[in-house]
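Numbering (full-length UniProt numbering), first residue to last: 1 to 137.
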């Protein structure tokens, strides 16, 4: 337990992080090869394109997700913050969701075709990310 009397999730061991970092690099290279815009490895959240990142938690892994342009994301956040009826979402929100879903499926299929073991990441924890579990040599 931490000094604040709550459990913090355990972090992955250094050797696990090294393997994840190598896997992330391979996934990044495979996606770049297709011509998709891939965010820099050290990029901040604001860059659009494919974002490949390593989760430092023990149960994490390599996650890949599509980042839309900041203006597009901000527009959707503003619409949602103003209050919407979930049963009748505005067209802009539906479009954003469709883009995210299409890009996740595209990334999933590209990486699988390149020999990676991939699956949809847990939506509750990672939204529309793709979880890269490994790759065939």
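Yeah, the Cβ is synthetic: ideal placement off N, Cα and C, and Gly gets one too.
Owing to the predicted nature of the structure, the values given are computational and were not obtained by experimental measurement.
Runs of the alpha helix (DSSP H) lying entirely within the region 25–90, each at least 4 residues long, are 70–81 in chain order. Cα atoms of residue 72 and residue 38: separation of roughly 18 Å, rounded to the nearest angstrom.
Note that the region 11–21 touches the region 54–62; at least 3 beta-carbon pairs, one per stretch, sit closer than 8 Å. In the displayed model, residue 117 falls within a strand according to three-state DSSP.
Note: residue 131 is bridge-paired with 63 and 119 in the DSSP secondary-structure output.
For the options 23, 85 and 93, the alpha carbon positioned closest to that of residue 74 is the one of 93. Sequence-distant partners of residue 117 (beyond 5 residues in either direction) whose C-beta falls short of 6 Å from its own C-beta, in its chain, are 133 and 134. Residue 11 has 57 as its beta-bridge partners, per DSSP. A distance below 6 Å between beta-carbons, with the five flanking residues on each side excluded, links residue 52 to the following residues of its chain, in chain order: 24, 27, 28 and 64. The Cβ-Cβ distance between residue 46 and residue 36 does not fall below 9 Å. C-alpha of residue 130 to C-alpha of residue 114: approximately 14 Å in a straight line. Put simply, of 20, 32, 55 and 33 the residue whose alpha carbon is nearest the alpha carbon of residue 126 is 55.
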